[in-house]
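Visitor: Here the working numbering is used: the first residue of the sequence shown is 68, the next is one more, and so on.
All residues carry an ideal CB built from backbone N, CA and C; glycine is no exception.
It should be emphasised that the depicted structure is a prediction, and the values quoted were computed from it without experimental measurement.
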Amino acid sequence: MKKYDLCVIGSGPSGYAACMRALDFGKKIALVERGKVGGAGIWNGALSSKTLWELSMNYRTARSQDFGYHVYDVGITWSDVMSEMNYAMHEKFTQLKTQIDYYQRKGDINYFNAHAKLKSKNEIELRSDDGTVEIIWADNIILAVGSSPRYLPNIPIDEKTIVTSDSLMTFEDFPKSMVIVGAGVIGSEFATIFSSFGRTKVNMIDKQDKILPFEDRDLADIVASNLRNSGVNIHYGSALKRMEIIDGMVEYEIEYKDGRKEIYTVEKALVSVGRVANTVNLGLENLGIELNERGYCKDIDTQTSVPNIYAVGDFTADIALVNVGELEGRYAVERIFSTPKSMINYDNISTIMFLDPAIAGVGLNETKCRAMGIAYKVATMQFKFVNRAIAMRRTEGFFKILVTDDDEMQIIGMRALGKHASSTIAIIALMIDKKISISELAELIHPHPSINEGIQECARMLCGKSIIKPEVFNIDLICYRVSTDGRIENLTN
68 MKKYDLCVIG SGPSGYAACM RALDFGKKIA LVERGKVGGA GIWNGALSSK
118 TLWELSMNYR TARSQDFGYH VYDVGITWSD VMSEMNYAMH EKFTQLKTQI
168 DYYQRKGDIN YFNAHAKLKS KNEIELRSDD GTVEIIWADN IILAVGSSPR
218 YLPNIPIDEK TIVTSDSLMT FEDFPKSMVI VGAGVIGSEF ATIFSSFGRT
268 KVNMIDKQDK ILPFEDRDLA DIVASNLRNS GVNIHYGSAL KRMEIIDGMV
318 EYEIEYKDGR KEIYTVEKAL VSVGRVANTV NLGLENLGIE LNERGYCKDI
368 DTQTSVPNIY AVGDFTADIA LVNVGELEGR YAVERIFSTP KSMINYDNIS
418 TIMFLDPAIA GVGLNETKCR AMGIAYKVAT MQFKFVNRAI AMRRTEGFFK
468 ILVTDDDEMQ IIGMRALGKH ASSTIAIIAL MIDKKISISE LAELIHPHPS
518 INEGIQECAR MLCGKSIIKP EVFNIDLICY RVSTDGRIEN LTN
């Protein structure tokens, strides 16, 4: 029986990061992957969908005729889009696999393309597609098993006509029409992608009165408005009563809160209602590893109820993001083979939502602060006052910074909506982590012209010394205080 210091099950972002961090400690590693190296971080997930988003945005820009020039004869085919997306995925896959192969030749990593099942706290059964079975031993195990799209029992998902994100890429052409079940981040992203290509009439089913239910309304409303301008029909306040495939088409019935019902027929349906951890036939019951009611692992600081087994990435109940998964994978290895300098801090996790326009965020938003009864101050600066945005001719968007309601005014969160929004987040994440006052940001010299100058003006507004004065542009520049009971006090006068 082959023996290893560490067995990592899953080669997605969290598992791959864990494997590479273990190399830094000089450990012998078994890396097990039942599918393709990279997991959902590459295939049918983050990289593939974001490549599609970039292509759709580029295509829409190419069709624009409002920037002082005209573009003619811009064509597009589904096969060309898929080819470009597949090229991007294989480019990253090749990088990851090349590194694994290098360390496998050195004898540091042994890569197994097989399904892993826990037989004991140290023994793992590996079953290959050809039926070959092997059992290996590992002193420690990291479960980076990832997740898959959630199925709903009342929807006949066949992954051809009614699909999840796993099979969206198998379409033969742009569908003429489609409905998206779910108006969260993933559903809204795909609505943005397909509507931007301009070949698909998109409907969305939204139980609430706004999309992006966990985000602030001011952000969600702008994204929704742009979706509607791109031809997307959002069924607000509706519940899906029935969906079935009839003569190769999707017929669905929705019911609104007032009891009104409507029936629609579309070519395709995308079900985007969350994800579930990949725990089937993993052997968790053999060890008694505890799961919560949603099927995610109950971990304490990445450690499961079995001391030498750790859970990371989408398998935990934490934030299901690539950057979080990588952080947890590396952290688990550090816990196993050394002592981390500090515990994982989820308060400054940066996120990007690939919408129109893009939304980047870090820390708390207003919705969360009010739900938690936290007092805070907030300043909002519109992109229209930022020279870089003016130069790009992309002035839709704003920055919103939240700080503590005290003299220190430490940053507790920020949202940026607009072109290059994600480039502004890293500095705020660092300031949240280090508990740095907003006054430091107000005095920092940013390059000019840059989008980052907008967040500096937000900071200056909160300090009462902005260059762009709220009392002059009081509709577009907003600064106020919110008390623990939700009362609002205007700070711009």
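DSSP beta-bridge partners for residue 547?
Guide: As a working mapping, residue 547 is identified with position 480 in the sequence shown. Residue 547 pairs with 445, 557.
Visitor: Mind listing, in chain order, the continuous beta strand (DSSP E) runs of no fewer than 3 residues lying wholly within the segment 232-303?
Guide: Counting only runs of 3 or more, we get 244-248, 268-272, 300-302.
Visitor: Beta-carbon separation of residue 267 and residue 236 under 8 Å?
Guide: Here residue 267 refers to the residue found at position 200 when the sequence shown is read from its first residue. Here residue 236 refers to the residue found at position 169 when the sequence shown is read from its first residue. Not in contact: residue 267 and residue 236 (Cβ atoms no closer than 8 Å).
Visitor: Report the CB separation of residue 213 from residue 77 in whole angstroms; it is logged as a contact under 8 Å.
Guide: Within the sequence shown, the letter at position 146 stands for residue 213. Within the sequence shown, the letter at position 10 stands for residue 77. Correct: roughly 6 Å between the Cβ atoms.
Visitor: In three-state terms, what does DSSP make of residue 475?
Guide: By 1-based counting over the sequence shown, the position of residue 475 is 408. The answer is coil: DSSP assigns residue 475 none of H, G, I, E or B.
Visitor: Rounded to a whole number of angstroms, what is the C-alpha to C-alpha distance between residue 123 and residue 110?
Guide: Here the question's residue 123 lines up with position 56 in the sequence shown. Here the question's residue 110 lines up with position 43 in the sequence shown. Rounded to the nearest angstrom, the two C-alpha atoms are 18 Å apart.
Visitor: Mind checking which residues open and close the alpha helix (DSSP H) that includes residue 206?
Guide: What you label residue 206 is simply residue 139 of the sequence shown in a count that begins at 1. Looking at the DSSP string, residue 206 is not in any alpha helix (DSSP H); the run it does join, the beta strand (DSSP E), is 200-210.
Visitor: Runs of 4 residues minimum, wholly inside the segment 476-525: which ones carry the alpha helix (DSSP H) assignment?
Guide: You should have 492-501, 505-510.
Visitor: Are the Cβ atoms of residue 446 and residue 316 separated by less than 8 Å?
Guide: The residue given as residue 446 occupies position 379 in the sequence shown. The residue given as residue 316 occupies position 249 in the sequence shown. Cβ atoms of residue 446 and residue 316: not closer than 8 Å.
Visitor: Buried or exposed: which applies to residue 83, given that a residue is buried once 16 or more other Cβ atoms fall within 10 Å of its Cβ?
Guide: For this step, residue 83 is matched to residue 16 along the sequence shown. So residue 83 counts as buried.
Visitor: Specify the secondary structure class of residue 182 as computed by DSSP and reduced to three states.
Guide: Your numbering for residue 182 matches position 115 in the sequence shown. Note: residue 182 maps to strand in three-state DSSP.
Visitor: May I ask which residues mark the beginning and end of the alpha helix (DSSP H) holding residue 433?
Guide: The sequence position of residue 433 within the sequence shown is 366, counting from 1. Taken as a continuous stretch (DSSP letters only), the alpha helix (DSSP H) holding residue 433 covers 433-439.
Visitor: Residue 359: which of 353, 350, 343 sits nearest, CA to CA?
Guide: In the sequence shown, residue 359 corresponds to position 292, counting from 1. Here the closest residue by C-alpha is 343.
Visitor: Below 8 Å between beta carbons: does that hold for residue 190 and residue 209?
Guide: Within the sequence shown, numbered from 1, the residue matching residue 190 stands at position 123. Within the sequence shown, numbered from 1, the residue matching residue 209 stands at position 142. No, these two residues do not count as a Cβ contact at 8 Å.
Visitor: Going by C-alpha to C-alpha distance, which of 253, 331, 222 sits closest to residue 270?
Guide: Within the sequence shown, numbered from 1, the residue matching residue 270 stands at position 203. Of the listed residues, the one whose Cα sits closest to residue 270 is 331.
Visitor: Once you ignore the five residues that flank residue 264 on each side, which residues in its own chain have a CB closer than 7 Å to its CB?
Guide: Locating residue 264 in the sequence shown gives position 197, where the first residue counts as 1. Cβ neighbours of residue 264 beyond the five flanking positions: 123, 126, 143, 241.
Visitor: Per DSSP, what kind of secondary structure is residue 453 in: helix, strand or coil?
Guide: Position 386 of the sequence shown, counted from the first residue, corresponds to residue 453. Correct three-state label for residue 453: coil.
Visitor: Please work out which residues of its chain come closer than 7 Å, Cβ to Cβ, to residue 467, disregarding the five sequence neighbours upstream and downstream, and give them in chain order.
Guide: Numbered from 1 along the sequence shown, position 400 holds the residue referred to as residue 467. Once the five neighbours on either side are set aside, the close Cβ partners of residue 467 are 445, 447, 481, 482.
Visitor: Is it the case that the segment 92-106 contacts the segment 182-199, given that we only count it when at least three CB pairs across the two stretches are under 8 Å?
Guide: Counting Cβ pairs under 8 Å, three or more are found: they touch.
Visitor: Going by CA-CA distance only, name the one from 497, 115, 249 that's closest to residue 222.
Guide: Position 155 of the sequence shown, counted from the start, is the residue given in the question as residue 222. That would be 249, whose Cα lies nearest to the Cα of residue 222.
Visitor: Straight-line CA distance for residue 465 to residue 537?
Guide: Residue 465 sits at position 398 when you count from the first residue of the sequence shown. Residue 537 sits at position 470 when you count from the first residue of the sequence shown. Taking the straight line from one Cα to the other gives about 14 Å.
Visitor: Pair every Cβ in the segment 395-408 with every Cβ in the segment 84-93, then say whether three or more of these pairs are closer than 8 Å.
Guide: At 8 Å Cβ cutoff, the stretches touch.
Visitor: At the level of alpha carbons, what is the spacing between residue 325 and residue 387?
Guide: In the sequence shown, the residue the question calls residue 325 occupies position 258. In the sequence shown, the residue the question calls residue 387 occupies position 320. So the alpha carbons of these two residues sit roughly 35 Å apart.
Visitor: At what residues does the beta strand (DSSP E) containing residue 378 begin and finish?
Guide: Sequence index remark: in the sequence shown, residue 378 carries index 311 (1-based). Residues 376-378.
Visitor: Would you report the Cα separation of residue 226 and residue 314, rounded to the nearest angstrom?
Guide: Walking along the sequence shown from the start, residue 226 turns up at place 159. Walking along the sequence shown from the start, residue 314 turns up at place 247. The alpha-carbon atoms of residue 226 and residue 314 are separated by roughly 16 Å.
Visitor: Just to confirm, are residue 206 and residue 72 a CB contact at a threshold of 8 Å?
Guide: Taking the first residue of the sequence shown as 1, we reach residue 206 at position 139. Taking the first residue of the sequence shown as 1, we reach residue 72 at position 5. It is a contact, given that the beta carbons lie within the stated cut-off.
Visitor: Give a yes or no on whether the minimum CB-CB distance between residue 77 and chain D is below 8 Å.
Guide: The chain inventory of the structure shown lacks chain D, comprising one protein chain alone.
Visitor: Leaving out five residues on either side along the sequence, give the residues of the same chain with a beta carbon under 6 Å from the beta carbon of residue 408.
Guide: By 1-based counting over the sequence shown, the position of residue 408 is 341. There are no such residues.
Visitor: Would you mind giving the Cβ-Cβ distance between residue 379 and residue 211, rounded to the nearest angstrom? I have them listed as a contact below 8 Å.
Guide: Sequence index remark: in the sequence shown, residue 379 carries index 312 (1-based). Sequence index remark: in the sequence shown, residue 211 carries index 144 (1-based). Residue 379 to residue 211, Cβ: 5 Å. Contact.
Visitor: Below 8 Å on the Cβ atoms is my guess for residue 549 versus residue 443; work out the distance and round it to an integer in Å.
Guide: Taking the sequence shown and counting its residues from 1, one reaches residue 549 at position 482. Taking the sequence shown and counting its residues from 1, one reaches residue 443 at position 376. Yes, they are in contact, since the Cβ atoms of residue 549 and residue 443 sit about 6 Å apart, within 8 Å.
Visitor: To the nearest angstrom, how far is it from the Cα of residue 121 to the Cα of residue 272?
Guide: The residue you call residue 121 lines up with position 54 of the sequence shown. The residue you call residue 272 lines up with position 205 of the sequence shown. Near 24 Å, if we compare the C-alpha coordinates of residue 272 and residue 121.
Visitor: Quick one, are the C-beta atoms of residue 301 and residue 291 less than 8 Å apart?
Guide: On the sequence shown, position 234 is the one that residue 301 refers to. On the sequence shown, position 224 is the one that residue 291 refers to. In contact: residue 301 and residue 291 (Cβ atoms closer than 8 Å).
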